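Novice:
Numbering (the working numbering), first residue to last: -10 to 267.
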């Protein structure tokens, strides 16, 4: 989980009245607060709250993430002290219903050591911009139908519930959209670490693939397993072969659409993964 460290400069002292306000906000929120939530918690009219929150932000006690959304800074933080803001928490607040996936989930489950600057969020909300920046945070939003909200686990940060794709769902998501796994080469690294981990579950992987109803997933899966010489059970490749259809798919749809046809897996191999394997 990515954490961004920020300096709090020129943090002003606080009166007993404002300390009580902040104490309530900390007590009844997850560390993020909207204007509407502050109205209910503080039992104040909207007009007063819309002035109060910006004032507290200018004094260094809150940080504005976007219009109407603020991040609370710990009361014990002193002038010029450091504090950490959590991108997963911000994503959950803004894009819910959603879950964290892609390369972030792969890192969470230990399938990669690589860290990326953006957080991958799968949300049922359609957004105008697939890539967006809010304050210190950068997000990549991938729209997913509510019918595909399965294979998701809950993790907790304090009192806040955050949803993240489970290990097998993480693999299916990045094989469906390799760019969200950092590209097909990085997907191969993730796949290799998945099958060598305690989370490896061949049956669940194929069950999830079947629910997606996207044959390109199993084609990429079988191809990468064979090319990467990944250790799987004796009949797993045969099962993958039986599931795939005859239509051709691109190994990595985000790359130029040219390459040799692999008739065994009905893939157009438009990415060279041999250097990575070697």
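For every residue, glycine included, the Cβ atom is placed at its ideal position computed from N, Cα and C. Quick caveat: nothing in here was measured; it's all calculated off a predicted structure.
1. Just how far apart, CA to CA, sit residue 203 and residue 234?
2. Just to check my reading of the structure: residue 177 and residue 217 have Cβ atoms closer than 8 angstroms, yes? What is that Cβ distance to the nearest angstrom?
3. Going by DSSP, which residues form a beta bridge with residue 120?
4. So what does DSSP say about residue 38, is it helix, strand or coil?
5. How many whole angstroms separate the CB atoms of residue 60 and residue 51, which I take to be in contact at a CB cut-off of 8 angstroms?
6. Residue 161 and residue 206 look like a contact to me (Cβ under 8 angstroms); what is the Cβ gap, rounded to whole Å?
7. Out of 139, 136, 116 and 248, which has the shortest C-alpha to C-alpha gap to residue 128?
8. Which same chain residues end up closer than 6 angstroms to residue 28 when comparing Cβ atoms and leaving out the 5 residues on each side of it in sequence?
9. Counting C-beta neighbours from all protein chains within 10 Å, is the total for residue 68 16 or more, i.e. buried, or is it exposed?
10. Do you know how far the Cα of residue 104 is from the Cα of residue 96?
11. Between the beta-carbon of residue 268 and the beta-carbon of residue 183, is there less than 8 angstroms?
12. From which residue to which residue does the beta strand (DSSP E) around residue 153 run?
13. What does the alpha-carbon distance come out to for the pair residue 150 and residue 49?
14. Can you tell me the Cα-Cα spacing of residue 41 and residue 89, whole angstroms?
15. Excluding the five sequence neighbours on either side, which residues of its own chain have a C-beta within less than 6 angstroms of the C-beta of residue 133, listed in chain order?
16. Please report the distance separating the alpha-carbon of residue 229 from that of residue 156.
17. Using three-state DSSP, classify residue 47 as helix, strand or coil.
18. What did DSSP end up calling residue 68 once you bin it into helix, strand or coil?
19. Give me the Cα-Cα distance between residue 44 and residue 173, rounded to the nearest whole angstrom.
20. Can you tell me where the beta strand (DSSP E) with residue 261 in it begins and where it stops?
21. Can you grab the Cα-Cα spacing for the pair residue 20 / residue 187, in whole Å?
22. Name the two residues that bound the continuous alpha helix (DSSP H) containing residue 83.
23. So residue 219 and residue 180 are supposed to be a Cβ contact under 8 angstroms. How far apart are they, rounded?
24. Quick check: residue 146 and residue 75, are their CB atoms within less than 8 angstroms of each other?
25. Enumerate in chain order the residues of its own chain whose CB-to-CB distance from residue 55 is below 8 angstroms, with the five nearest sequence positions on each side excluded.
Specialist: On the basis of the coordinates in this document:
1. 10 angstroms
2. 5 angstroms
3. 129
4. helix
5. 7 angstroms
6. 6 angstroms
7. 116
8. 35 and 38
9. Because the pLDDT at residue 68 is just 42, under 50, the model does not fix this residue reliably, and the point stays unresolved.
10. 7 angstroms
11. Because the chain is modelled from -10 through 267, residue 268 falls outside the range shown and cannot be assessed.
12. 149 to 154
13. 26 angstroms
14. 32 angstroms
15. 111
16. 19 angstroms
17. helix
18. In this prediction, residue 68 scores a pLDDT of 42, lower than 50, which makes its location untrustworthy; no coordinate-derived value is stated.
19. 47 angstroms
20. No beta strand (DSSP E) holds residue 261; DSSP gives it neither H nor E.
21. 33 angstroms
22. 76 to 84
23. 7 angstroms
24. yes
25. 83, 123 and 124
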